[in-house]
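The block underneath contains the structure these notes are about, expressed in structure tokens.
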Amino acid sequence: MDPNSLLNQNIPFDNQKLQLLENIINVFYTTKNNNDRTQADKLLNQFKVLPDSWTHCATILSNSNNNYTKFFALGILEDLIISRWNTIQQDSKNGIKNFLVELLVKNVTDDNTFVANQTLIQKLNVSIVQVINN
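Start counting at 1 in the sequence shown, then tack on 634, and there's your number in our numbering.
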């Protein structure tokens, strides 16, 4: 799949697109090639600012096994909460809040998951506090 297809909003965000996102994030964090890292960074930033990128975060957070990818998705939600929270429907706000709380509970109730996901759990806590404050 062409990396630029990540930005194509006419292609549904399915497992194939999730895998593409994970591949781009892996390139960003692991490559020693500056051109590849720059291209990955550009694609990730372009995806992050798509008007509907936040609608894919539940899929990303539920289906990805890559903590960098999950952290990226939480960053998208954090940007939404900080800058565009008042522009989305109340049902969406409630859905985001409930999803974040459920995800937090899921990550703290299993000892192995809790230990392995400390940074992610901290980011979830920050996101939940931002939702509450807005």
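C-beta atoms are modelled at their ideal positions from N, C-alpha and C, and glycine is treated no differently.
Pairwise C-alpha distance: residue j and residue i
{"i": "Ile-715", "j": "Val-760", "result": "11 Å"}
{"i": "Leu-695", "j": "Asn-668", "result": "28 Å"}
{"i": "Lys-682", "j": "Ile-710", "result": "6 Å"}
{"i": "Asp-725", "j": "Leu-737", "result": "18 Å"}
{"i": "Thr-693", "j": "Lys-731", "result": "15 Å"}
{"i": "Asp-636", "j": "Asn-741", "result": "33 Å"}
{"i": "Leu-654", "j": "Asn-699", "result": "13 Å"}
{"i": "Phe-647", "j": "Ile-762", "result": "24 Å"}
DSSP state of residue i mapped onto helix, strand, coil
{"i": "Thr-665", "result": "coil"}
{"i": "Asn-700", "result": "coil"}
{"i": "Gln-756", "result": "helix"}
{"i": "Ile-766", "result": "helix"}
{"i": "Pro-685", "result": "coil"}
{"i": "Ile-645", "result": "coil"}
{"i": "Ile-658", "result": "helix"}
Contact check, residue i vs residue j, beta carbons under 8 Å
{"i": "Lys-651", "j": "Ile-659", "result": "no"}
{"i": "Leu-754", "j": "Leu-734", "result": "no"}
{"i": "Asn-701", "j": "Asn-751", "result": "yes"}
{"i": "Leu-641", "j": "Gln-673", "result": "no"}
Exposure of residue i, with buried meaning 16 or more beta-carbon neighbours within 10 Å
{"i": "Thr-703", "result": "buried"}
{"i": "Ser-687", "result": "buried"}
{"i": "Ile-766", "result": "exposed"}
{"i": "Ser-639", "result": "exposed"}
Chain D within 8 Å of residue i, Cβ atoms only
{"i": "Trp-719", "result": "The chain labelled as chain D is not found in the depicted structure, where only one protein chain is given."}
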